[in-house]
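As structure tokens, the structure follows; a few thoughts come after it.
Residue numbers (the working numbering): 133 to 514.
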């Protein structure tokens with residue numbers, strides 16, 4: 133019995149002899165923070181150098197302690213683990229910094245009376261001058277820009293989703309690696325990296341050509357310019373189509389072939405198999421991909437500025453007159469303040485609009501995750 137007890141002690145000791153106490157990593161981190169602050173103070177203290185010195189000190193000290201007390205393999209594993217965590221923190225810092233900067237400055241403008249339900253019609257330089265010099269409320273809002281962004285993005289979605297969905301169905305279900313399929317894949321890859329301003333110029337030229345052809349065919353002289361909300365929607369659809377094609381194609385390829393073969397074995401035709409079996413199985417990924425494509429284009433500025441212009445009033449008609457979108461509103465408020473000599477109200481409106489745009493994009497990403505969860509195939513327990 134004594135031998136077994138002593139053997140048990142020996143076995144426990146052999147299992148724990150190469151482990152380090154959990155408090156050691158907290159102590160190393162605390163010491164690294166103090167040492168990093170001291171080194172940063174020698175160079176003129178700032179947060180960037182403090183973070184760099186702290187990170188380098190902690191990574192090196194953790195490696196040396198583990199190498200000395202345990203073994204080389206564990207030390208190398210811990211080193212790369214710490215480097216991965218450090219890379220994650222570095223990648224996260226710009227996002228947190230942007231959100232904090234925009235939120236801290238834009239919350240004041242967002243709380244201004246009527247900011248979300250009023251447009252810029254009637255807001256002149258004198259109004260902004262009075263707001264800055266006399267302390268009156270900052271007037272003017274983003275209602276016209278919100279409506280413009282909503283209508284343009286909705287129209288772009290209506291245009292691009294059917295095109296992207298049908299293209300991906302052809303590539304996965306009908307194409308057999310032929311010349312046409314390879315050409316489509318190549319041009320989709322090219323369109324994925326196309327600059328947004330090029331999409332805007334293409335849409336503007338295409339709409340101008342269409343209006344000229346329409347005028348020649350009907351014999352009606354039209355004074356309608358190509359700067360329209362629908363032109364902006366076409367430009368955004370050029371950017372959305374490759375994203376929808378790629379995401380939908382990948383989701384369709386994930387669907388098991390056994391489901392298709394089972395449907396064919398029952399005598400179901402191919403188009404009906406796609407409609408009733410393939411698409412419902414992949415609907416969660418397709419829906420989330422479409423939502424992410426919307427989030428990708430809703431913040432575009434250059435194509436909308438070229439194709440839709442800028443107005444201060446609310447325009448509900450995509451086919452008549454200029455239309456303002458939220459990114460263009462932000463750009464114009466920064467670039468061309470309502471009162472150049474008293475630009476604080478314009479900057480407040482711009483920061484608040486930027487905060488609203490960030491919240492919209494975050495909401496769309498959360499909505500995409502919700503859709504993916506709700507429409508995911510149900511798994512039954514065995």
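All C-beta atoms in this analysis are idealised placements derived from N, C-alpha and C, irrespective of residue type, glycine included.
Can you check whether the CB of residue j is closer than 9 Å to the CB of residue i?
{"i": "residue 474", "j": "residue 433", "result": "no"}
{"i": "residue 236", "j": "residue 476", "result": "no"}
{"i": "residue 194", "j": "residue 210", "result": "yes"}
{"i": "residue 82", "j": "residue 439", "result": "The first residue shown for the chain is 133 and the last is 514, placing residue 82 beyond what the model contains."}
{"i": "residue 448", "j": "residue 278", "result": "no"}
{"i": "residue 374", "j": "residue 323", "result": "yes"}
{"i": "residue 368", "j": "residue 436", "result": "yes"}
{"i": "residue 171", "j": "residue 197", "result": "no"}
{"i": "residue 417", "j": "residue 307", "result": "no"}
{"i": "residue 251", "j": "residue 409", "result": "no"}
{"i": "residue 121", "j": "residue 365", "result": "Outside the displayed range of the chain (133 to 514) lies residue 121, so it cannot be described from this structure."}
{"i": "residue 501", "j": "residue 274", "result": "no"}
{"i": "residue 300", "j": "residue 221", "result": "no"}
{"i": "residue 313", "j": "residue 302", "result": "yes"}
{"i": "residue 489", "j": "residue 459", "result": "yes"}
{"i": "residue 259", "j": "residue 280", "result": "no"}
{"i": "residue 164", "j": "residue 181", "result": "no"}
{"i": "residue 399", "j": "residue 493", "result": "no"}
{"i": "residue 429", "j": "residue 372", "result": "yes"}
{"i": "residue 360", "j": "residue 212", "result": "no"}
{"i": "residue 191", "j": "residue 218", "result": "yes"}
Measuring only the C-alpha atoms, how far is residue i from residue j?
{"i": "residue 295", "j": "residue 386", "result": "20 Å"}
{"i": "residue 370", "j": "residue 472", "result": "36 Å"}
{"i": "residue 491", "j": "residue 178", "result": "30 Å"}
{"i": "residue 310", "j": "residue 304", "result": "12 Å"}
{"i": "residue 248", "j": "residue 470", "result": "18 Å"}
{"i": "residue 268", "j": "residue 487", "result": "22 Å"}
{"i": "residue 498", "j": "residue 345", "result": "43 Å"}
{"i": "residue 151", "j": "residue 200", "result": "12 Å"}
{"i": "residue 184", "j": "residue 457", "result": "40 Å"}
{"i": "residue 317", "j": "residue 257", "result": "52 Å"}
{"i": "residue 419", "j": "residue 507", "result": "9 Å"}
{"i": "residue 320", "j": "residue 424", "result": "17 Å"}
{"i": "residue 287", "j": "residue 401", "result": "33 Å"}
{"i": "residue 266", "j": "residue 380", "result": "56 Å"}
{"i": "residue 376", "j": "residue 334", "result": "20 Å"}
{"i": "residue 168", "j": "residue 162", "result": "10 Å"}
{"i": "residue 485", "j": "residue 270", "result": "14 Å"}
{"i": "residue 403", "j": "residue 326", "result": "33 Å"}
{"i": "residue 406", "j": "residue 390", "result": "13 Å"}
{"i": "residue 186", "j": "residue 215", "result": "13 Å"}
{"i": "residue 85", "j": "residue 234", "result": "Not covered by the structure: residue 85. The range shown for the chain is 133 to 514."}
{"i": "residue 421", "j": "residue 261", "result": "46 Å"}
{"i": "residue 253", "j": "residue 336", "result": "26 Å"}
{"i": "residue 342", "j": "residue 242", "result": "41 Å"}
{"i": "residue 297", "j": "residue 393", "result": "22 Å"}
{"i": "residue 174", "j": "residue 156", "result": "27 Å"}
{"i": "residue 202", "j": "residue 158", "result": "18 Å"}
{"i": "residue 362", "j": "residue 450", "result": "5 Å"}
{"i": "residue 293", "j": "residue 204", "result": "54 Å"}
{"i": "residue 153", "j": "residue 166", "result": "21 Å"}
Tell me whether residue i sits in a helix, a strand or coil according to DSSP, three-state version.
{"i": "residue 202", "result": "coil"}
{"i": "residue 346", "result": "helix"}
{"i": "residue 249", "result": "coil"}
{"i": "residue 388", "result": "coil"}
{"i": "residue 300", "result": "helix"}
{"i": "residue 144", "result": "Residue placement at residue 144 is flagged as unreliable, the pLDDT there being 43, under the threshold of 50; a coordinate-derived value is accordingly withheld."}
{"i": "residue 221", "result": "helix"}
{"i": "residue 369", "result": "helix"}
{"i": "residue 494", "result": "helix"}
{"i": "residue 378", "result": "helix"}
{"i": "residue 254", "result": "coil"}
{"i": "residue 233", "result": "helix"}
{"i": "residue 243", "result": "coil"}
{"i": "residue 360", "result": "coil"}
{"i": "residue 315", "result": "helix"}
{"i": "residue 499", "result": "helix"}
{"i": "residue 307", "result": "coil"}
Any Cβ of chain C within less than 9 Å of the Cβ of residue i?
{"i": "residue 263", "result": "Checking the listed chains, one finds no chain C in this structure; it contains a single protein chain."}
*At 4 residues or longer, and completely inside the region 394 to 420: list those alpha helix (DSSP H) runs for me, N to C.*
Secondary structure within the region 394 to 420: the alpha helix (DSSP H) runs of 4 or more consecutive residues, fully enclosed, are 402 to 405 (chain order).
Every unbroken alpha helix (DSSP H) within the region 150 to 207, with a cutoff of 4 residues, ordered by chain
Taken in chain order, the complete alpha helix (DSSP H) segments of 4 or more residues contained in the region 150 to 207 are 155 to 174, 179 to 201.
| query | Counting only runs that start and end within the region 318 to 342, where is the alpha helix (DSSP H) found for 4 or more residues in a row? | reply | With a minimum length of 4 residues, no continuous alpha helix (DSSP H) run stays inside the region 318 to 342.
- [ ] Jot down the residue ranges of each uninterrupted alpha helix (DSSP H) in the region 418 to 490, minimum 4 residues, whole runs only, in chain order.
- [x] With a minimum length of 4 residues, the continuous alpha helix (DSSP H) runs that stay inside the region 418 to 490 are 434 to 439, 458 to 467.
| Which runs of the alpha helix (DSSP H), 4 residues or longer, sit entirely within the region 262 to 296? | Within the region 262 to 296, not a single complete alpha helix (DSSP H) segment reaches 4 residues in length.
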